[in-house]
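Using full-length UniProt numbering, the first residue of the sequence shown is number 1, and each one after it goes up by one.
Even for Gly, the Cβ is constructed at its ideal location relative to N, Cα and C.
Nothing here was measured: the structure is a model prediction, and the numbers come from that model.
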Amino acid sequence: MGKDVTNKSPQFRSKYLARVFQDPKMGTAPRMTVLENLAVARKRGQTRSLKLIHPKKLSNVFVEKAIKIGNGLEEQLNTPTGNLSGGQRQALSLLMATFQKPDLLLLDEHTAALDPKTTLAIMALTQKVIVEEKLTALMITHQMEDALKFGNRLLVMKNGKIVKDLKSSEKMKMKIEDFYRIFE
């Protein structure tokens with residue numbers, strides 16, 4: 001990217017950054033359908049207008065993308081997002097965040113509000129999307145196992161400061177017990 005966007009407006013930054021929130025309700029508009037949420041995501045970082053969209057023209061593209069998610073989202077295109085399960089909403093949020101390939105994908109404890117089974121599914125989906133789309137992602141997590149399992153670099157923070165910076169090769173050698181010792 002090579003641009004400092006720190007002091008730019010959220011609208012400007014949205015061209016470069018995408019985010020999946022901790023709360024599945026935060027990344028989507030509950031009264032809008034899945035299709036309408038995807039239509040909004042399609043325009044992330046671009047100028048938008050209030051003109052009517054034609055869902056039928058877009059639905060093929062959205063169905064194709066939703067099928068890749070693999071949790072039945074493609075059959076829910078006309079369902080209000082508020083009626084989806086937490087896992088489906090989080091999968092939709094991930095799809096929306098990556099619809100326009102961001103320079104940086106921020107994953108803000110994006111599985112914290114999910115049950116263990118759904119967490120595994122969302123983490124597998126996240127890994128798949130990141131690898132297939134060749135995305136740069138920053139995942140914030142308190143799940144130590146996920147911190148060791150995913151990604152190619154691990155930053156450990158304590159009191160707002162980086163206390164450990166591990167490259168992939170160093171991280172792969174660690175056991176969970178070694179990781180816990182960092183916090184002692």
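Taking a contact as a CB-CB distance under 8 Å, the pair T81 and N37 counts as one, their CB atoms being some 5 Å apart. Linking D108 to D23 through their CA atoms gives a straight-line distance of about 9 Å.
Counting only residues of its own chain and dropping the five nearest sequence neighbours on each side, K101 has a CB closer than 8 Å to the CB of E133 and L135. Distance from the CA atom of F62 to the CA atom of A39, rounded to whole angstroms, is 8 Å.
Secondary structure of V5 (DSSP, three-state): coil. The beta carbon of M32 lies closer than 8 Å to those of V40, P80 and T81 in the same chain, with the five residues before and after it left out. Per the DSSP secondary-structure output, P24 pairs with nothing in a beta bridge. Taken through DSSP and simplified to helix, strand or coil, I162 comes out as strand. If only uninterrupted beta strand (DSSP E) runs of at least 3 residues are considered, those enclosed by the region 103-144 are 104-108 and 137-140.
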